[in-house]
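Visitor: Quick one: structure below, then a few questions.
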Amino acid sequence: FLPHLIASLEQVDQTYIMVKPDGVQRGLVGEIISRFEKKGFKLTGLKLFQCSKELAEEHYKDLKQKSFFPKLIDYITSGPVVCMAWEGVGVVASARKLIGATDPLQAEPGTIRGDLAVQTGRNVVHGSDSPENGKREIALWFKEGEVCDWTPVQSPWLRE
Ligand code: UDP
Ligand code: MG
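Below you can see the structure in the form of C-alpha cells.
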C-alpha cells in the first residue's frame, strides 16, 4: 500500500520533442520516435506540421537576442517538423540525455545528436529544457484535443 502511495505521488512530467526539418528530410523520423518509445515513455501527441515564422519565433523567444536567431527561424520553418508530446516521471531530463548536447560533435555516442548529426545548426531534434517549458511548448504546438490521455498496457512492466 505505502509504496503504491509513494509511487503515485511522483511527479509525472511532459516534454515537447520535435524532429526538426533536417530530421524529416533525412528520413530519421522513425529512428528518433523509436528512441523515446523504446525507453518506455508515453507518447501523448504526434503530428507532421509546417510551422509559421510566428510560431517558431514564439517557441524560441528566449533566444531572440542571439546572433543565430534569424537562421534558426529559417531552419525551423524550412520544411515540416514532427511534433511530439511525451509523458513520464523524469521525462524532461531523461529526454535531454537521450538527445545529447546541443553541438552534435560534443554529443556522446549513443545519443540522438551524437549518432545522427554533425552540426549545431542541423541538430535534428528539439527537447524542452524544463517541466515548465514542456507544458508551455506542448500548449503552443498542439491544439486542444490533439493530446491524448491513455494507459499503455505495458505500464506495470515499466514501473513497479
Ligand atoms: N543553435 C544554433 N547555434 C548556436 C546555438 C543554438 O544554431 O550557437 C540552434 C540549435 O538548433 C539549437 C537551438 O538553436 O538546438 C536552440 O538552442 P538551445 O541553446 O536551446 O539548444 P538545445 O536546447 O536545442 O540543445
Ligand atoms: Mg533549448
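Take the sequence shown: its position 89, counted from the start at 1, is 113 in the working numbering, and no numbers get skipped.
Cβ coordinates follow ideal geometry from the N, Cα and C atoms, glycine included.
(1) For Gly138 and chain C, any beta-carbon pair shorter than 8 Å?
(2) Going by C-alpha to C-alpha distance, which of Glu61, Lys63, His150 sits closest to Val48?
(3) Do Cys107 and Phe166 have their beta-carbon atoms positioned less than 8 Å apart in this structure?
(4) Can you give, in chain order, each stretch of the beta strand (DSSP E) that sits fully within the region 59-129 and has at least 3 residues?
(5) Using 8 Å as the threshold, is the region 77-89 in touch with the region 169-177, meaning 3 or more CB pairs across them?
(6) Out of Thr126, Leu122, Gly114, Gln74, which has the shortest C-alpha to C-alpha gap to Gly103?
(7) Hey, is Asp37 close to the ligand FAD, as in C-beta under 7 Å from one of its heavy atoms?
Guide: Let me lay it out:
(1) Included in the structure is just one protein chain, with no chain C present.
(2) Nearest of Glu61, Lys63, His150 to Val48, Cα basis: His150.
(3) A contact, by the Cβ cut-off of 8 Å.
(4) Segments of the beta strand (DSSP E) lying fully in the region 59-129: 66-73, 105-113.
(5) With contact defined as three or more Cβ pairs closer than 8 Å, the region 77-89 and the region 169-177 are not in contact.
(6) The shortest C-alpha separation from Gly103 is found at Gln74.
(7) Absence of the ligand FAD is noted for the structure shown, with the ligand UDP and the ligand MG being the only ligands found.
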